[in-house]
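One line per chain: the protein sequences are A and B, in this order.
Residue 1 is where the first sequence starts when you use the numbering used here, and the numbers rise one by one after that.
Residue 1 is where the second sequence starts when you use the numbering used here, and the numbers rise one by one after that.
In this text, a Cβ means the ideal position worked out from N, Cα and C, and glycines have one as well.
To start, the structure itself, in structure tokens.
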Amino acid sequence: MYRYDTYDQAIVDARVEEFRDQVARRISGEMSEDQFKPLRLKNGLYLQLHAYMLRVAVPYGTLNPEQMRMLAHIARTYDRGYGHFTTRQNMQFHWIKLEQTPEILAKLATVQMHAIQTSGESIRNISADQFAGAAADEICDPRPWAEYIRQFTTFHPEFSYLPRKFKFGLTASATDRAAIKLHDVGLQLVYGPDGDIGFRVYVGGGMGRTPFIASLIRDFLPAASLCSYIEAILRVWNRNGRRDNIHKQRIKILVHDLGAEEFTRQVEAEWQAIRPNDDDIPLVEYERIAAHFVPPPFEEGLDDRIDRTDPAFSAWVERSAHTHKQPGYAIVTVSLKPIGGIPGDLTAEQMEVLADLAERYSFSDLRSTHEQNVVLPHVRKSDLYAVWAALREADLATANLSLISELIVCPGLDYCSLANARSLPLAQKIAERFADEERQRDIGELKIKISGCINACGHHHVGHIGVLGVDKKGTENYQLLLGGSGAEDASLAKIVGPGFSEDGIVEAVERTVEKYRAVRNDGERFLDTYRRVGVEPFKEAIYG
Amino acid sequence: MKIVTGNDLTTGAVVWWTGTAWSRHITEAIDVGDKGEAIARREEAARRVNIPYVIEATPGAHGPVPAHIKDRIRATGPSVRPDLAVTPVDESVGSYVI
């Protein structure tokens with residue numbers, strides 16, 4: 001993984017000291033909350049319902065054990081013993097004290113972590129395929145490019161006073177595990193006509209109040225032109241994007257208003273005006289970064305078989321082990337969705353277990369996922385049983401990935417000051433309703449995503465089944481959406497009809513699922529059945 | 001009744017105006033009548049509270065009950081983590097607040 005050089009460390013250390021001074025001035029009264037708020041947000045510090053919340057950046061979801069142990073230390077020492085993985089692969093702590101924040105940031109800096117640009121109108125954490133560097137279906141590791149974008153955009157003047165927040169997502173596989181079409185800019189590494197690697201460029205995706213699937217604006221961009229091209233995109237947005245209405249300021253609104261064709265024309269014209277005569281990425285600079293992402297020393301000739309005689313282990317392997325590019329190895333996704341638990345939450349002790357397992361079994365490599373799970377990317381197949389046993393001991397071996405109980409959920413009104421309704425208790429009720437493992441397996445792949453407000457941190461727009469919490473005259477109400485996908489077949493879910501109470505929405509989900517089981521073809525997953533038969537049969541089942 | 005709430009500046013903890021100070025316990029909040037905005041401005045200026053605001057509440061057997069669920073959750077803590085509740089876990093208090 002990328003390791004800071006002296007410049008990186010100096011920048012982060014200086015930022016800690018700058019924020020220490022800002023916090024002191026806020027506490028002493030030299031700064032008002034209005035003056036302080038944009039400064040704390042640019043350092044990832046929110047004021048939520050119960051306390052300050054600190055969102056720590058996990059660049060493209062990559063962590064090492066030392067960093068995970070530091071997160072555990074922060075959870076135990078400064079928070080209440082746990083952290084929460086977000087849908088942008090970051091970790092947030094919900095019980096932080098302002099006066100302790102500089103100390104926390106200083107400790108994070110010692111393990112090359114920070115909270116810069118995890119909030120505010122800035123380039124947010126760059127997300128990437130959590131299987132990067134391990135996936136059998138990728139054409140290369142996308143993380144050097146993600147890191148390159150991170151370095152290029154951080155503190156870049158063109159990207160410092162943006163109309164709104166801005167999100168990049170990257171993948172190097174045809175199977176989209178990073179939801180790139182729901183990003184402001186989605187980049188897919190592909191082979192060009194001459195066999196060179198470059199980018200397929202999507203712009204203007206996003207969820208929130210006005211959801212859009214991103215438009216393809218360039219089928220192939222030579223990799224060496226990446227920086228000038230994304231600068232051209234940002235310049236067109238900076239020049240034409242609205243700043244008069246917070247709900248109209250994201251780049252997706254501009255792409256929609258101009259139309260993808262006109263937006264593309266402007267980006268191409270801007271790019272021609274600003275692009276250097278030669279490549280804009282010096283090869284030596286890319287190679288400097290890429291050197292941090294060399295594959296680990298995999299063993300050759302390992303046995304590729306897995307002994308699955310233990311039924312519980314076999315069930316876990318079925319859901320949690322994925323194909324690795326190296327024979328004899330597997331990618332392991334650790335579900336953070338125990339039945340009745342809080343999706344994405346992890347105790348300090350569980351963080352330490354994962355750090356230990358990564359060190360012992362996965363070349364000291366850990367990933368967080370936008371679906372709020374953790375990945376051990378390089379596990380020998382012969383070690384899977386030992387990993388499973390250790391995970392089970394730590395209550396981390398739930399075999400439910402991509403099944404109905406593995407919900408993606410925002411913190412909702414239990415923690416968030418923007419939320420209109422609670423999402424976590426609803427997730428718990430749905431998971432408990434469908435807890436039976438055999439029934440879950442029979443239902444098959446079904447992704448439920450829940451947001452407690454229109455900002456869509458729980459990605460309800462791209463749930464096969466989505467749930468949106470709203471405030472209906474002071475009481476919590478839930479809308480049901482069907483047919484979304486954040487994968488390569490991206491689509492936006494549609495609201496089915498009138499909303500429900502908390503118990504009513506659980507019942508509506510069950511009726512939806514039972515209708516699916518009644519009308520599906522053999523082997524057909526929920527989303528495909530929905531796309532085949534349309535909303536009407538479901539609407540009839542739900543509302544009678 | 002009207003009560004005043006906010007967050008402690010340095011810790012971020014939810015606090016309620018008792019008439020003379022800020023308390024972690026909503027049970028100690030008092031009805032401020034029409035003086036809520038003035039109290040909020042004065043206390044914020046003195047940096048004894050952050051982002052104070054006035055809310056509607058109704059008197060209850062265990063103290064004021066905020067009109068909006070958001071403030072009821074603020075009063076006790078996340079409904080999914082009763083172990084982190086502000087007051088000792090007590091079934092009647094739990095159901096009363098949420």
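* To do: Starting from I342 of chain A, find everything on chain B with Cβ-Cβ shorter than 7 angstroms and list it in chain order.
  => V80
Near-chain A residues of the region 68-79 of chain B (beta-carbon distance less than 8 angstroms), N- to C-terminal order:
Contact residues of the region 68-79 of chain B toward chain A are H68, I69, K70, I73, R74, G77, P78 and S79 (C-beta to C-beta distance below 8 angstroms).
Q. In this structure, does DSSP put F85 of chain A in helix, strand or coil?
A. strand
*So, using beta-carbon positions, are L413 of chain A and N420 of chain A closer together than 9 angstroms?*
yes
Should L401 of chain A go down as buried or exposed, given a rule of 16 or more other Cβ atoms within 10 Å for buried? buried
Q: Look up H464 of chain A in the DSSP assignment and say whether it is helix, strand or coil.
A: In the three-state reduction of the DSSP assignment, H464 of chain A falls in the coil class.
Taking the CB atoms as reference points, tell me whether V15 of chain B and R24 of chain B lie closer together than 9 angstroms.
Contact flag set, yes.
Would you mind listing the beta strand (DSSP E) stretches within the region 191-247 of chain A that are 3+ residues and don't spill past its ends, in chain order? 197-203 and 215-222
- Task: Kindly say whether V14 of chain B, judged by its beta-carbon, lies nearer than 9 angstroms to any beta-carbon of chain A.
- Result: yes
Please report whether the beta-carbon of P338 of chain A lies at a distance below 9 angstroms from any beta-carbon of chain B. no
Beta-carbon proximity list for H464 of chain A, same chain, < 6 angstroms, skipping 5 on both sides: L446, K447, F526 and L527
Task: Simplified DSSP state of L426 of chain A, which is helix, strand or coil - done: helix
Practice problem: Let me know the secondary structure DSSP gives M53 of chain A once reduced to three states. | Solution: strand
query = Taking just the CA atoms, how far does G6 of chain B sit from T347 of chain A?
reply = 29 angstroms
Quiz item: Rounded to whole angstroms, how far is the Cβ of A75 of chain B from the Cβ of P66 of chain B, which I believe are closer than 8 angstroms?
Solution: Rounded to the nearest angstrom, the Cβ distance from A75 of chain B to P66 of chain B is 6 angstroms, consistent with a contact under 8 angstroms.
Quick one, which of B:E37, B:A61, B:G63 and B:H62 has its alpha-carbon nearest I51 of chain B's? B:E37
Quick one: is H125 of chain A buried, meaning 16 or more other Cβ sit within 10 Å of its Cβ, or exposed? Rather than His, the amino acid found at residue 125 of chain A in this sequence is Asn. By the neighbour-count rule (16 or more Cβ atoms within 10 Å), N125 of chain A is buried.
inquiry  = Less than 8 angstroms separating the Cβ of F93 of chain A from some heavy atom of the ligand COA?
reply    = Looking for the ligand COA in the displayed structure turns up nothing, as the structure carries no ligands at all.
Worksheet item: Nearest to R243 of chain A by alpha carbon, out of A:L71, A:K165 and A:G206?
Response: A:K165
Who are the near neighbours of F313 of chain A in its chain, counting only those whose CB is closer than 7 angstroms to its CB and skipping five residues on each side? The beta carbon of F313 of chain A sits closer than 7 angstroms to the beta carbons of Y385 and W388 from its chain, once the five residues preceding and following it are set aside; these are given in chain order.
Where P296 of chain A and D8 of chain A are concerned, what is the direct C-alpha to C-alpha distance, given to the nearest angstrom?
24 angstroms
* Asked: Pairing CB atoms from the region 178-196 of chain A with CB atoms from the region 219-236 of chain A, are three or more of them under 8 angstroms?
  -> Touching, yes.
Q.
Let me make sure I understand the geometry here. Which of A:E437, A:I104, A:A10 and A:T110 has the alpha-carbon closest to that of E406 of chain A?
A. A:E437
Against chain E, does A75 of chain A count as a neighbour if the rule is that its beta carbon must be under 9 angstroms from one of theirs? This model lacks chain E altogether, as its protein chains are A and B.
| task | Go ahead and pull the three-state DSSP assignment for S127 of chain A. | result | strand
* To do: Using 10 angstroms around the beta-carbon of P88 of chain B, count the other beta-carbons present and answer buried if the total reaches 16, otherwise exposed.
  => Low per-residue confidence applies at P88 of chain B: pLDDT is 48, beneath 50, and the placement is therefore not dependable, though the value from the model is reported in the following sentence. By the 10 Å Cβ count, P88 of chain B comes out exposed.
Review point. For the candidate residues A:G198, A:K248, A:G523 and A:H114, whose alpha-carbon lies nearest to that of T210 of chain A?
Key: A:K248
Checklist entry - Going by DSSP, which residues form a beta bridge with D471 of chain A? => result A:E476
Does any C-beta atom of chain B lie closer than 9 angstroms to the C-beta of L346 of chain A? Interface annotation, L346 of chain A: not in contact with chain B, CB-CB separation never under 9 angstroms.
Quick one: what's got a C-beta closer than 7 angstroms to E43 of chain B's C-beta in the same chain, skipping five residues either side?
-> Only V49 and P52 meet the Cβ criterion.
Exercise for review: Give a yes or no on whether 9 angstroms exceeds the smallest Cβ distance from E536 of chain A to chain B.
Suggested key: no
* To do: Starting from R42 of chain B, follow the alpha helix (DSSP H) in both directions and report where the run begins and ends.
  => G36 to A45
Check your understanding: What are the boundary residues of the alpha helix (DSSP H) that M70 of chain A is part of?
Key -> P65 to T77
Tell whether a beta-carbon distance below 9 angstroms holds between R20 of chain A and H114 of chain A. no
Practice problem: Note down, in chain order, each residue of its chain lying with its Cβ closer than 8 angstroms to the Cβ of S228 of chain A, except the 5 sequence neighbours on either side. | Solution: W271, I274, R275, P276 and D280
- Task: Anything in the region 469-480 of chain A with a Cβ closer than 8 angstroms to a Cβ of chain B? List those residues in chain order, please.
- Result: G474, T475 and E476
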